[in-house]
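Novice: The following block contains the structure, expressed as structure tokens.
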Amino acid sequence: MPNDIVTVEPDSSLKTWGWISYILHLVVAVGAVLPGAQASIALLLIALVIDLVKRDDAAGSWQASHFSWRIRSVLWAGLAYILTSWLWLLLLLPGWIAWALISLWFLYRIVKGMVRMNAGRSMEPSNVL
Numbered sequence: 010m011p012n013d014i015v016t017v018e019p020d021s022s023l024k025t026w027g028w029i030s031y032i033l034h035l036v037v038a039v040g041a042v043l044p045g046a047q048a049s050i051a052l053l054l055i056a057l058v059i060d061l062v063k064r065d066d067a068a069g070s071w072q073a074s075h076f077s078w079r080i081r082s083v084l085w086a087g088l089a090y091i092l093t094s095w096l097w098l099l100l101l102l103p104g105w106i107a108w109a110l111i112s113l114w115f116l117y118r119i120v121k122g123m124v125r126m127n128a129g130r131s132m133e134p135s136n137v138l
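The C-terminal position of the sequence shown is numbered 138 in our numbering, with every residue numbered one higher than the one before it.
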């Protein structure tokens, strides 16, 4: 009788798509932190679309947590930028400080995700932010 046990491995292209998305996010995050290195918002939108499209393909695998991690990172950072945009009206410094902190937080999340993905580990489900 043949062995009917099937090991389901997520498509290896999911990891490739994950790396493409992480690299696009990283370019945007570094561009947001370094003065004069502004990357296009289009790169971030491309990465977000990749994550939204490929998230269902990764369902049930450790990679699914990475797609959700990147989507949440973009949404939370975008919300934080919108909520703190009024600080630019109080002079340049408060807005610059707020946006610098948000950009550093976003960069931290992207690097943390890349390190965990490289190790083949999922993101912790308790990390909402």
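All C-beta atoms in this analysis are idealised placements derived from N, C-alpha and C, irrespective of residue type, glycine included.
1. Apart from the five residues just before and just after P103, which ones in its own chain have a Cβ nearer than 7 angstroms to its Cβ?
2. When the Cα of R125 is compared with those of Q47, A89, Q72, W105, which residue comes out closest?
3. Let's see if you can read the secondary structure: which residues bound the alpha helix (DSSP H) around M123?
4. Within 10 angstroms of the Cβ of V62, are there 16 or more other Cβ atoms? Answer buried if so, exposed if not.
5. What residue range does the alpha helix (DSSP H) around R81 cover?
6. Considering only the beta carbon of each residue, do A67 and F76 sit closer than 8 angstroms?
7. From Y90 to L84, what does the alpha carbon distance come to, in whole angstroms?
Specialist: This is what the structure gives:
1. Taking the sequence shown and counting its residues from 1, the one referred to as residue 103 is at position 94. For P103, where only same-chain residues beyond five positions count, the Cβ hits under 7 angstroms are L96.
2. If you number the sequence shown from 1, residue 125 lands on position 116. That would be Q72, whose Cα lies nearest to the Cα of R125.
3. As a position in the sequence shown, residue 123 is number 114, starting the count at 1. Segment 101-127, the alpha helix (DSSP H) holding M123.
4. Here residue 62 refers to the residue found at position 53 of the sequence shown. By the neighbour-count rule (16 or more Cβ atoms within 10 Å), V62 is not buried but exposed.
5. Start at 1 with the first residue of the sequence shown, and residue 81 comes out as number 72. Segment 73-93, the alpha helix (DSSP H) holding R81.
6. The residue you call residue 67 lines up with position 58 of the sequence shown. The residue you call residue 76 lines up with position 67 of the sequence shown. Judged by beta-carbon spacing, F76 lies within the 8 angstroms limit of A67, meaning their Cβ atoms are closer than that value.
7. Residue 90 sits at position 81 when you count from the first residue of the sequence shown. Residue 84 sits at position 75 when you count from the first residue of the sequence shown. Going from the Cα of Y90 to the Cα of L84 covers about 10 angstroms.
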